[in-house]
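Asks:
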Amino acid sequence: MPDGSAPTASVTISLYSGTREIASQKIESQSRTCAAVFNQRVEFSVPQLDGHFLGVLVTSQGTFLGQLSLPLSGVRLEEDMSYRLRV
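Positions 7 to 93 (this note's numbering) are the ones given, in order, by the sequence shown.
(1) Counting only the same chain and skipping the five closest in sequence on each side, list residues whose C-beta sits under 8 Å from that of Leu55.
(2) Express the C-alpha separation of Leu76 and Glu85 in angstroms, rounding to a whole number.
(3) Should Leu21 go down as buried or exposed, given a rule of 16 or more other Cβ atoms within 10 Å for buried?
(4) So the candidates are Pro53, Val52 and Ser35; which of them puts its Cα closest to the Cα of Gln46?
(5) Return the chain-ordered list of same chain residues with a C-beta closer than 7 Å to the C-beta of Gly24, the five sequence neighbours on each side being excluded.
(6) Can you tell me where the beta strand (DSSP E) with Ser30 in it begins and where it stops?
(7) Tell me whether Ile28 is buried or exposed, calling it buried when 16 or more other Cβ atoms sit within 10 Å of its Cβ.
(8) Classify Leu76 as helix, strand or coil using the three-state DSSP reduction.
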């Protein structure tokens, strides 16, 4: 955090069709840690993967920490993957 304290991060995961948000879920983490673990299942119903993407936004008390846009057409559902956030 700008003041040097550890963040209390929250994650908002949104499902988009093109540029339109069609669903979202917010996940809270443990407070005041730089190694937050978000071990919750998030499910969205998607009729087809093409044209859809997940948006992941990480904030701490309103302060932007990072984001990720993940096109679903390129996701290999049978494999665990990790992605870096853009800051």
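From the three backbone atoms N, C-alpha and C, an ideal C-beta is built for every residue, glycine too.
Predicted model, so just to flag it, every value in this text is computed and none were measured.
Replies: Based on what the coordinates show:
(1) Leu78, Ser79 and Val81
(2) 15 Å
(3) buried
(4) Ser35
(5) Gly57
(6) Arg26 to Glu34
(7) exposed
(8) strand
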